[in-house]
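**Student:** Got a structure for you, questions after.
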Amino acid sequence: MKLLIIDDEEDICDVISEIAQQRGFETKSVTDASNISQVLNEFTPDLIMLDLLMPGTDGVELLRTFADKVKDVQLCLMSGSDARVLSGARRLGSAHGLNVIDALEKPLEVGKLKEFFDSIASQQTSKAETVPYDDKDSYAKALANEEFTLFYQPIVDLSSRKIKGFEALARWNHPSKGILLPDAFLREITNDGLMQELTDFVIRTAVKQTALFYHSGQSFTMAVNITASTLLDLSLPDKISDICSQHNLPTDQLILEVTETEAMKDVTRTMDVLLRMRLKNIGVSIDDFGTGHSSLKELQRMPFSELKIDRSFISDITRNHEAEIISRSIIDLGHNLGLQVVAEGIENHETMDMLVKMGCDLGQGFAIGHPMKASNIDAWIDNWNSTWLL
Ligand code: C2E
Ligand code: MG
Ligand code: MG
């Protein structure tokens, strides 16, 4: 991956460059704004780190001038101005159609830079797994051949560090491409009218796994993702409680995470289904809260028992004051409504510590555990408990 650093301070260019090179980036630095055009043509970067304030020009002007040239390039803004200027510039860049992935406050901290490049490097690896698959027939076949599988990501109580449960995440174990992430198949599954079938598989498999925990004396909850359209199925609450009783599993071990709540077209019908879930003691969570898909309106009218703060806020709380304030307000809002609040996307211990101080109940993220195969869960549990619960 090629990184272009645009900053008038040579020392800063050197520090960024060194950290990026250690993570396999090829780097180039520009300290004089008048050279940028030529360098962009010759070097063709995948990622640009741009200082918003340079002699002779400013980053905002650069964003406008180079908007067309760098549309496919990932952009990270840097500035010593206050956080609101930085987030304003970030929005402006996005309005110009630029792919602004982050904004870092100056003075830059080495730890944060390392985290930034680590996360870019890890996205590169997962990108390879999310290439959409284009053979339409194959989704139905894959379902019939049982090529779908579940990975499980742990969710813990943030203050006691006790394991609370897991979230089941769908994966396609493709015969030649290996494990594919939901990005690579969810849209196509929906378009092909197969979402209901996938959801049935996910619920059956997740309940089986939860029952295994439960009957071995481990009372872990299991969160399952459901799209709003699936909630139009009036028989869903009974279906779920039937599957639970087949496995002698109390229904309160299960939580449904609802995404794209704004797509709830038939509010009465959805309300009917969700209320009956709650009457059966099945938890109902509003997922990705705070994004365009999950809003206050839905929070007000639907009988949720849990709120999951979108990871776009959580991943920023240690370096962006606004993200911190928004997360803190969402936690208070959830608690005032009597909901359990979960933070997702916790990527480091600093974030976890901040969330504990903010009073967030539960947490999930790479710093706790990555989504894993069922066969790796026992080892993860042993490791977690021996690290945190002496
Ligand atoms: P989600 O429900 O919000 O799930 C959390 C996603 O965040 C997962 O991505 C997980 O791997 C990722 N994640 C967890 N911790 C971290 C972290 O610390 N940092 C970062 N950067 N990411 C983290 P995944 O597995 O790719 O799933 C993406 C989305 O696909 C899910 O988002 C969910 O909306 C959807 N999905 C997954 N499985 C199912 C399913 O069985 N049915 C339906 N309808 N949707 C599903
Ligand atoms: Mg979810
Ligand atoms: Mg989410």
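Numbered continuously in my numbering, the sequence shown closes out at residue 375.
Glycine residues also receive a C-beta, built at the ideal position from the N, C-alpha and C atoms.
1) With distances taken from CA atoms, which of Asp317, Leu93, Gln238, Leu166 is nearest Ala208?
2) So, under 8 angstroms CB-CB, Asp48 and Gly78 are touching, yes? Tell me the CB distance rounded to an integer number of Å.
3) Can you tell me whether DSSP reads Val116 as helix, strand or coil?
4) What's the C-alpha gap between Arg304 and Leu89?
5) Below 8 angstroms on the Cβ atoms is my contact criterion, and I expect Glu332 with Ser312 to pass it. Report the Cβ-Cβ distance as a whole number of Å.
6) Check whether the Cβ of Asn26 sits closer than 7 angstroms to any heavy atom of ligand 2, and report yes or no.
7) What's the call for Gly354, buried or exposed, on a 16-neighbour Cβ count within 10 Å?
8) Give the single residue among Leu(-11), Gln7, Ile1 whose Cα lies nearest to the Cα of Ser22.
9) Return the CA-CA distance between Ser144 and Met180, expressed in angstroms with no decimal places.
10) With a cut-off of 8 angstroms, do at least 3 Cβ pairs link the segment 125 to 142 to the segment 348 to 364?
11) Nearest CA to the CA of Leu337: which residue from Asp317, Arg296, Ser214?
12) For ligand 1, is there a heavy atom less than 7 angstroms away from the beta-carbon of Arg296?
13) Who pairs with Val141 in a beta bridge, going by DSSP?
14) Could you give the first and the last residue of the continuous alpha helix (DSSP H) run that contains Asn26?
15) Near Val187, which residues of its chain fall below 7 angstroms by C-beta distance, leaving aside the five closest residues on each side in sequence?
16) Three-state secondary structure (DSSP) at Val327?
17) Under 7 angstroms: does the beta carbon of Phe205 sit that close to some heavy atom of ligand 1?
18) If you run the structure through DSSP and keep just helix, strand and coil, what is Arg75?
19) Determine the burial state of Ile30: buried for a count of at least 16 other Cβ atoms within 10 Å of its Cβ, exposed for fewer.
20) Considering only the beta carbon of each residue, do Leu217 and Arg254 sit closer than 8 angstroms?
21) Relative to the C-alpha of Lys293, which residue among Gln325, Ser72, His200 is closest?
22) Is the beta carbon of Ile315 within less than 7 angstroms of some heavy atom of ligand 1?
23) Helix, strand or coil for Thr175? Go by DSSP, reduced to three states.
24) Could you tell me the alpha carbon to alpha carbon distance between Thr16 and Leu25, rounded to whole angstroms?
25) DSSP three-state label for Trp369, please.
26) By Cβ distance, which residues of its chain are closer than 6 angstroms to Met249, with the 5 residues on each side in sequence left out?
27) As a quick check of your reading: which residues have a C-beta less than 5 angstroms from at least one non-hydrogen atom of ligand 4, in chain order?
28) Compute the distance between the beta-carbons of Val45 and Gly348, then report whether it is under 8 angstroms.
29) Inspect the CB distances between the segment 252 to 272 and the segment 52 to 71 and report whether three or more fall short of 8 angstroms.
30) In angstroms, rounded to a whole number, what distance separates the CA positions of Tyr124 and Asp185?
31) Just checking, does the segment 162 to 181 make contact with the segment 190 to 207 on the three C-beta pairs under 8 angstroms criterion?
32) Quick check for students: name the residue ranges of the beta strand (DSSP E) that lie wholly in the segment 224 to 248, counting only runs of 3 or more.
33) Here's a check: name, in chain order, each residue in its chain whose Cβ is nearer than 6 angstroms to the Cβ of Glu309, leaving out the five neighbours to either side.
34) Near Met39, which residues of its chain fall below 6 angstroms by C-beta distance, leaving aside the five closest residues on each side in sequence?
35) Assuming Ile86 and Met34 are in contact, meaning their beta carbons sit under 8 angstroms apart, how far apart are those beta carbons, in whole angstroms?
36) May I ask you to check if the CB of Gln59 is nearer than 7 angstroms to at least one heavy atom of ligand 1?
**Tutor:** Result, derived from the coordinates:
1) The residue you call residue 208 lines up with position 223 of the sequence shown. Of the listed residues, the one whose Cα sits closest to Ala208 is Gln238.
2) Against the sequence shown, residue 48 aligns to sequence position 63. Against the sequence shown, residue 78 aligns to sequence position 93. For the record, residue 48 in the displayed sequence is Leu; it is not Asp. The C-beta separation of Leu48 from Gly78 comes to about 5 angstroms, placing the pair in contact by the 8 angstroms criterion.
3) Residue mapping note: residue 116 aligns to position 131 of the sequence shown, counting from 1. Unreliable positioning characterises Val116 in this predicted model, as indicated by a pLDDT of 49, which lies under 50. A coordinate reading is not provided.
4) The residue labelled residue 304 in the question sits at position 319 within the sequence shown. The residue labelled residue 89 in the question sits at position 104 within the sequence shown. The straight-line gap separating the alpha-carbon atoms of Arg304 and Leu89 is approximately 7 angstroms.
5) The residue you call residue 332 lines up with position 347 of the sequence shown. The residue you call residue 312 lines up with position 327 of the sequence shown. Glu332 to Ser312, Cβ: 14 angstroms. No contact.
6) Residue mapping note: residue 26 aligns to position 41 of the sequence shown, counting from 1. Incorrect: Asn26 has no Cβ contact closer than 7 angstroms to ligand 2.
7) Within the sequence shown, numbered from 1, the residue matching residue 354 stands at position 369. By the 10 Å Cβ count, Gly354 comes out buried.
8) Reading the sequence shown from its first residue, position 37 is the one you call residue 22. For the residues Leu(-11), Gln7, Ile1, the minimum Cα distance to Ser22 belongs to Leu(-11).
9) Here the question's residue 144 lines up with position 159 in the sequence shown. Here the question's residue 180 lines up with position 195 in the sequence shown. Between Ser144 and Met180, the C-alpha separation is close to 36 angstroms.
10) In this structure the segment 125 to 142 lies against the segment 348 to 364, because at least three pairs of beta carbons, one per stretch, are closer than 8 angstroms.
11) Residue mapping note: residue 337 aligns to position 352 of the sequence shown, counting from 1. Per the sequence presented here, residue 337 reads as Met, with Leu not at that position. Of the candidates Asp317, Arg296, Ser214, the one whose C-alpha sits nearest the C-alpha of Met337 is Arg296.
12) Here residue 296 corresponds to residue number 311 of the sequence shown, with the count starting at 1. Taking non-hydrogen atoms of ligand 1 into account, the C-beta of Arg296 is found less than 7 angstroms away from one of them.
13) By 1-based counting over the sequence shown, the position of residue 141 is 156. For Val141, which the question treats as bridged, DSSP gives the partners Ile148, Gly348.
14) By one-based count along the sequence shown, residue 26 stands at place 41. Its alpha helix (DSSP H) spans residues 21 to 28.
15) Locating residue 187 in the sequence shown gives position 202, counting from the first residue. When the five nearest sequence neighbours on each side are left out, the beta carbons in the same chain lying within less than 7 angstroms of the beta carbon of Val187 are those of Leu135, Ala153, Ala155, Val209, in order along the chain.
16) The residue given as residue 327 occupies position 342 in the sequence shown. The answer is strand: DSSP assigns Val327 an E or B state.
17) Position 220 of the sequence shown, counting from 1, holds the residue named residue 205. Outside the cutoff, so no.
18) Here residue 75 refers to the residue found at position 90 when the sequence shown is read from its first residue. Looking at Arg75 - three-state DSSP - the assignment turns out to be helix.
19) For this step, residue 30 is matched to residue 45 along the sequence shown. Note that residue 30 corresponds to Pro in the displayed sequence, not to Ile. By the neighbour-count rule (16 or more Cβ atoms within 10 Å), Pro30 is buried.
20) Within the sequence shown, residue 217 is the residue found at index 232, counting from 1. Within the sequence shown, residue 254 is the residue found at index 269, counting from 1. Yes, Cβ-Cβ distance for Leu217 and Arg254 is below 8 angstroms.
21) Start at 1 with the first residue of the sequence shown, and residue 293 comes out as number 308. When each option's Cα is compared against that of Lys293, the closest is Gln325.
22) What you label residue 315 is simply residue 330 of the sequence shown in a count that begins at 1. False, no ligand heavy atom lies under 7 angstroms from that Cβ.
23) By one-based count along the sequence shown, residue 175 stands at place 190. Correct three-state label for Thr175: helix.
24) Locating residue 16 in the sequence shown gives position 31, where the first residue counts as 1. Locating residue 25 in the sequence shown gives position 40, where the first residue counts as 1. Using only the alpha carbons, I get a separation of about 13 angstroms.
25) Translated into the one-based positions of the sequence shown, residue 369 becomes position 384. It is helical.
26) Sequence index remark: in the sequence shown, residue 249 carries index 264 (1-based). Within the same chain, Met249 has close Cβ partners Ala213, Thr255.
27) For the structure depicted, ligand 4 is absent and the ligand set comprises only ligand 1, ligand 2 and ligand 3.
28) Residue 45 sits at position 60 when you count from the first residue of the sequence shown. Residue 348 sits at position 363 when you count from the first residue of the sequence shown. Taking 8 angstroms as the Cβ cut-off, Val45 and Gly348 do not qualify as a contacting pair.
29) For the pair of segments examined, the segment 252 to 272 was found not to touch the segment 52 to 71: the number of CB pairs separated by less than 8 angstroms stays below three.
30) Here residue 124 is taken as the residue at index 139 of the sequence shown, counted from 1. Here residue 185 is taken as the residue at index 200 of the sequence shown, counted from 1. A straight-line Cα-Cα distance of about 15 angstroms links Tyr124 and Asp185.
31) Under the Cβ criterion (8 angstroms, minimum of three pairs), the segment 162 to 181 does not count as touching the segment 190 to 207.
32) Whole beta strand (DSSP E) segments, 3+ residues: 239 to 244.
33) Residue 309 sits at position 324 when you count from the first residue of the sequence shown. Excluding sequence neighbours, Glu309 sits near Ile302.
34) For the purposes of this step, residue 39 is taken as the residue at position 54 of the sequence shown. Counting only Cβ-Cβ distances below 6 angstroms, and skipping sequence neighbours, we find Asp(-7), Ala18.
35) Walking along the sequence shown from the start, residue 86 turns up at place 101. Walking along the sequence shown from the start, residue 34 turns up at place 49. Not a contact, Cβ separation roughly 11 angstroms.
36) For the purposes of this step, residue 59 is taken as residue 74 along the sequence shown, with counting starting at 1. Result no, Cβ not under 7 angstroms from ligand 1.
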